[in-house]
Every structure is written in C-alpha cells, then in structure tokens.
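Peer 1: Please see the structure below; I have some questions.
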Amino acid sequence: MTTASFQRGLAAGILSAILITGTGPAALAQSQRTTGQKPAAAATSKAKPATGKAGAAAKPAAAAAGAATATAAKPAQAATGPGGASLVSSYGDWGVYTAQTGRSKICYALSQPQERLPKNLNRDPAYLFVSFRPAENVKNEVALVLGFTAKENGLASAAVGNASYALITKAANAWLKNPAEESQAIATMARSGTMTVKMQSARGSSLTDRYSLSGFSKALEQARKECGV
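Take the sequence shown: its position 209, counted from the start at 1, is 286 in our numbering, and no numbers get skipped.
Now the structure itself:
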C-alpha cells in the first residue's frame with residue numbers, strides 16, 4: 078500500500094463509529110482499508126413473497142407484466158442505502174447518500190454493477206462509490222465493495238474510456254492503488270459511459286463487474302454539495 082493511501086486510512090475515528098452503527102459502504106470499505114478485516118455484510122433485505130389469496134391474485138398480473146418489465150429500466154435508487162444511509166437524490170444509475178455520526182458527516186455518490194461475470198457465480202452485492210468525509214479532509218475517494226473476498230495481492234484494475242487504473246484490494250474492498258490518480262479517474266468517469274472492473278477472487282476466479290456511469294457527474298456534484306466540499 079502506498080504511504081499516501083496508508084495515511085488517509087489512519088483517519089478512521091468517525092468511520093469506526095459509522096461501521097459500528099452500519100451507516101454505509103464507504104465506512105465498511107475505509108475501515109477494511111486500515112484493518113484488513115472481512116467486512117460485515119451490507120444491510121440488504123428481500124421482501125417475502127405474498128402468500129394466501131392476495132398473493133395468488135397477484136400472480137396473474139405479475140405474469141402478464143413479465144415481458145414488459147424484463148427490458149424496463151431499473152427502478153429508482155432505494156430510499157435507504159446499504160447499511161442504512163439516507164438517499165438524498167438519484168441521477169440515472171447513481172444515487173447520492175449521506176450518513177451522520179455525531180458532528181461528522183459522510184456523503185457519497187454510489188452505484189451498483191449493471192453486469193457481473195461470470196453470471197453463474199453467487200456473490201454478495203457490489204458497490205462503486207466516491208465518498209467525501211470533511212471531518213477527515215477526505216475528498217473524491219474512489220472505492221468499491223466487491224461482494225466477495227479478493228485474492229491477496231491479486232491483479233485488479235478499473236478501465237474507464239481509454240484509461241486503466243490499478244486497484245489495490247483488501248478483503249472484500251478495493252481502491253485506486255495510487256490515490257494521486259483519483260481526480261484524474263473521476264474526470265475520466267465524468268465523460269465516459271461505463272467502468273469495467275476486473276479482479277481475482279480468493280479462490281483464483283477471474284471476475285468482471287461493469288458499472289454504468291449514467292448520472293455520475295450530477296450525483297458527484299450533489300454529494301460534494303451535501304458535505305460542503
């Protein structure tokens with residue numbers, strides 16, 4: 078890990094508190110950047126299917142709508158983000174979330190992958206986000222929650238447009254290997270359509286996640302405003 082990356086990871090006071098109370102993936106990822114521990118699973122929930130007569134009545138309608146919804150645009154961002162962070166606004170495939178712990182605030186623009194390969198692998202949810210933590214003087218930190226344990230010192234990279242950025246992985250999280258490239262990477266993301274992340278799992282599998290960058294610029298701008306940076 079680079080010295081700059083390590084120094085940024087040391088400022089974890091607020092993030093430790095956020096991790097304990099479970100207020101967002103940014104806290105999960107940043108905490109693991111310094112501790113190397115396996116992150117707690119993001120707070121996700123699956124609604125139970127309807128049962129009884131009401132559930133039976135709903136099935137025909139769902140079946141009739143199946144063909145239409147199969148190609149429909151994905152729904153708006155959830156009002157509560159991973160770990161319980163609050164949705165402020167959404168733009169395209171990106172949402173803006175904030176969390177508060179005492180006087181410290183964290184803001185981030187976040188998205189989930191549109192495609193995950195190989196498709197037959199069962200993985201936890203993944204997230205790409207850019208976070209702001211004014212209390213720690215952290216801005217524009219690009220990070221990922223991978224949804225699986227990455228291979229120790231395994232090859233990992235993020236391709237955006239014609240640029241490629243090396244990633245450093247720890248447990249189930251990843252960051253740009255060179256923090257000095259974050260501003261450049263964000264500028265490239267703002268004018269590109271997709272980001273393709275390639276990495277290796279602890280079992281040696283080669284995995285790929287593709288993220289849409291539709292709405293990224295507006296989400297990033299709003300996240301900055303929310304944290305006043």
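Don't be surprised by glycine CBs; every beta carbon is placed ideally from N, CA and C.
1. Pull up the DSSP beta-bridge partners for Arg-210, would you.
2. Express the C-alpha separation of Tyr-185 and Glu-213 in angstroms, rounding to a whole number.
3. Using DSSP with H/G/I as helix, E/B as strand and the rest coil, what is Ala-251?
4. CB-CB under 6 Å to Arg-210, same chain, minus the five flanking residues each way: which ones, in chain order?
5. Just the C-alpha distance for Tyr-242 and Gly-231, rounded to the nearest angstrom, thanks.
6. Among the candidates Gly-179, Ser-181, Leu-284, Phe-206, whose CA atom is the shortest distance from the CA of Ala-262?
7. Alpha carbon to alpha carbon, how far is Ala-220 from Gly-238? Give it in angstroms, no decimals.
8. Does the count of Cβ pairs from the region 174-183 and the region 286-298 closer than 8 Å reach three?
9. Just the C-alpha distance for Ser-188 and Tyr-204, rounded to the nearest angstrom, thanks.
10. Can you give the Cα-Cα distance for Ala-296 and Asp-170, rounded to whole angstroms?
11. Is Ala-279 helix, strand or coil by DSSP?
12. Decide if Lys-196 is buried, meaning its Cβ has at least 16 other Cβ atoms within 10 Å, or exposed.
Peer 2: Inspection of the coordinates gives the following:
1. Its beta-bridge partners are Val-215.
2. Straight-line Cα distance between these residues: approximately 14 Å.
3. Residue state, collapsed to three classes: strand.
4. Ile-183, listed in sequence order.
5. Straight across, the Cα-Cα distance linking Tyr-242 with Gly-231 is about 14 Å.
6. The shortest C-alpha separation from Ala-262 is found at Phe-206.
7. Approximately 18 Å, taken between the alpha carbons.
8. No: the two stretches stay apart, fewer than three of their Cβ pairs being nearer than 8 Å.
9. Between Ser-188 and Tyr-204, the C-alpha separation is close to 6 Å.
10. When only Cα atoms are considered, Ala-296 and Asp-170 end up about 9 Å apart.
11. Ala-279 falls in the coil class under three-state DSSP.
12. Classification for Lys-196: exposed.
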